[in-house]
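In the working numbering, the protein residues as written are 1277 to 1588.
Scroll down for the structure; my scribbles are underneath it.
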Amino acid sequence: MPLIDRYGRPIENLRITLTHQCNYKCIYCHMEGEEPSHEELTPEEIERVVKATVKLGIKRVKFTGGEPLIRKDLPEIIEKTSNIGGLVDVAVTTNGSLLKQMAKRLAEAKLKRINVNLPSIREETYRKITNSEYTPKQILEGIMEAKRFGIKLIKVNMVVLKGINDNEIYDLMEYVKRENLILQLIELENVGINNEFFLKHYLDLSLIEEKLKMEAKEVIIRRNMQNRRRYILKNGGEVEVVKPYEDGNFCSACTRIRLTADGKIKTCLMRNDNLIDISKILKNNLSEVELIKCFLKAIEVREPYWKTKLMF
């Protein structure tokens, strides 16, 4: 059974930042709400953390960055984690730039699911957003390679930016329908970016959701994932909408706890005032009991960033 925080939210998901290194400089990047660090946990340290949290009820682990595929030991990390009993899902979020050459090794390590960030399928717009030399074509080739090697559960993440890529939503919907993937539309978050940029490019996805409702044959509410809605469209394709900004309903159903690249437990993307450092416990090879105590403390202080009246 998962642990329940004082707001009645079960803790079932662990999101681990593997590195702050990245080969992109995306204009919307929030760095997982973390302070930059060159420190990284070893595969063995990550394995210890996951084993400890599984005993507390964690069922799903997602690895992110930075760009996790930059780590040459990522397949080892995936394999160690996938072999831990009690987990139902191990996934990676990536910009996809290195996916084509890494897909085979990741599949061999038992990775079943990936999220690929694809903010645009137009080369000029893609480069403007990512500040990279890569192209959408290369990312799409990486996705195809992942599918070829058996990684079938693939979501395409699109952070929607008003005036930049919001005119491509239906293009991405057609692509995921054709390739039997899932599109995840994500609102811009005011974390790690300047306020002027946020105000200029934030787009409330409520109107998009209204259109999706009319085009959907079924709407699934993912109650274990921040009450996100997934729209199963009549003409094929699936679209999930992530609306975190000032949304108490989103926070009220958050089942996630985080681990930073340098070994700190982080209770919320939006907060750094209650971090719990477990790096010394890991480096000094202290007992699993000490790790569990730290996670219990983190769950005790965990609270929603955006609150609703129903929480009180």
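Beta carbons are placed, not taken as given, at the ideal position from N, Cα and C, and that holds for glycine.
Here the structure is a predicted model, which is why all the values come from computation and not from measurement.
Would you kindly check if the distance between the Cβ of residue j and the Cβ of residue i is under 8 Å?
i, j, result
"Ser1299", "Ser1358", "Note that residue 1299 is Asn in the sequence shown, not Ser. No, Cβ-Cβ distance for Asn1299 and Ser1358 is not below 8 Å."
"Glu1384", "Ala1537", "no"
"Ile1508", "Lys1519", "no"
"Ile1575", "Leu1279", "yes"
"Thr1370", "Leu1387", "no"
"Pro1351", "Arg1381", "yes"
"Leu1558", "Arg1324", "yes"
"Val1515", "Leu1545", "no"
"Leu1481", "Val1517", "yes"
"Lys1540", "Asp1553", "yes"
"Leu1459", "Met1449", "yes"
"Ile1511", "Ala1529", "Strictly speaking, residue 1511 in this sequence is Asn, with Ile absent from that position. No."
"Thr1340", "Arg1291", "yes"
By alpha-carbon positions, which one of the options ends up nearest to residue i?
i, options, result
"Leu1294", "Ile1287, Tyr1304, Pro1319, Ile1280", "Pro1319"
"Ile1334", "Ile1554, Ile1568, Ile1462", "Ile1568"
"Asp1442", "Gly1513, Thr1406, Leu1479", "Leu1479"
"Gly1342", "Met1307, Lys1380, Ile1554, Val1392", "Met1307"
"Gln1297", "Met1378, Ala1422, Glu1311", "Glu1311"
"Lys1338", "Arg1324, Lys1559, Trp1582, Ile1533", "Ile1533"
"Lys1376", "Lys1413, Gly1361, Glu1564", "Lys1413"
"Val1452", "Val1435, Thr1329, Lys1431", "Lys1431"
"Asn1433", "Lys1423, Arg1454, Phe1425, Leu1464", "Leu1464"
"Leu1429", "Lys1510, Glu1444, Val1366", "Val1366"
"Gly1468", "Lys1301, Glu1288, Cys1570", "Lys1301"
"Thr1411", "Tyr1402, Lys1327, Ile1440", "Tyr1402"
"Leu1267", "Leu1394, Val1330, Phe1571", "Coverage of the chain is limited to positions 1277 through 1588, which leaves residue 1267 absent and any answer about it impossible."
"Arg1547", "Ile1405, Tyr1581, Ser1408", "Tyr1581"
"Leu1332", "Ser1313, Ile1287, Cys1305", "Ile1287"
Which partner residues of residue i appear in the DSSP bridge assignment?
i, result
"Arg1534", "Arg1291, Lys1542"
"Cys1431", "Per the sequence shown, the amino acid found at residue 1431 is Lys instead of Cys. Lys1431 is bridged to Asn1391, Ile1458."
"Ile1440", "Its beta-bridge partners do not exist; DSSP assigns none."
"Glu1514", "Ile1458, Ile1508"
"Val1495", "Tyr1507"
"Glu1463", "Val1436"
"Leu1279", "Ile1287"
Looking at residue i and the ligand ADP, is the gap between the Cβ and the nearest heavy atom below 7 Å?
i, result
"Met1420", "No copy of the ligand ADP appears in this structure; indeed no ligand is present at all."
Output the boundary residues of the alpha helix (DSSP H) element that contains residue i.
i, result
"Thr1329", "1319 to 1330"
"Leu1475", "1471 to 1477"
State the start and end residues of the unbroken beta strand (DSSP E) segment that holds residue i.
i, result
"Arg1506", "1504 to 1509"
"Lys1489", "Premise fails: Lys1489 lies in the alpha helix (DSSP H), 1482 to 1491, not in any beta strand (DSSP E)."
"Arg1336", "1336 to 1340"
### Task
Can you check the segment 1548 to 1588 for any alpha helix (DSSP H) of at least 4 residues that lies completely inside it and give the ranges in chain order?
Listed in chain order, the complete alpha helix (DSSP H) runs (minimum 4 residues) inside the segment 1548 to 1588 are 1555 to 1559, 1564 to 1577.
### Task
Mind listing, in chain order, the continuous alpha helix (DSSP H) runs of no fewer than 4 residues lying wholly within the segment 1346 to 1427?
The segment 1346 to 1427 contains, as complete alpha helix (DSSP H) runs of 4+ residues, the segments 1350 to 1358, 1375 to 1384, 1399 to 1406, 1412 to 1424 (chain order).
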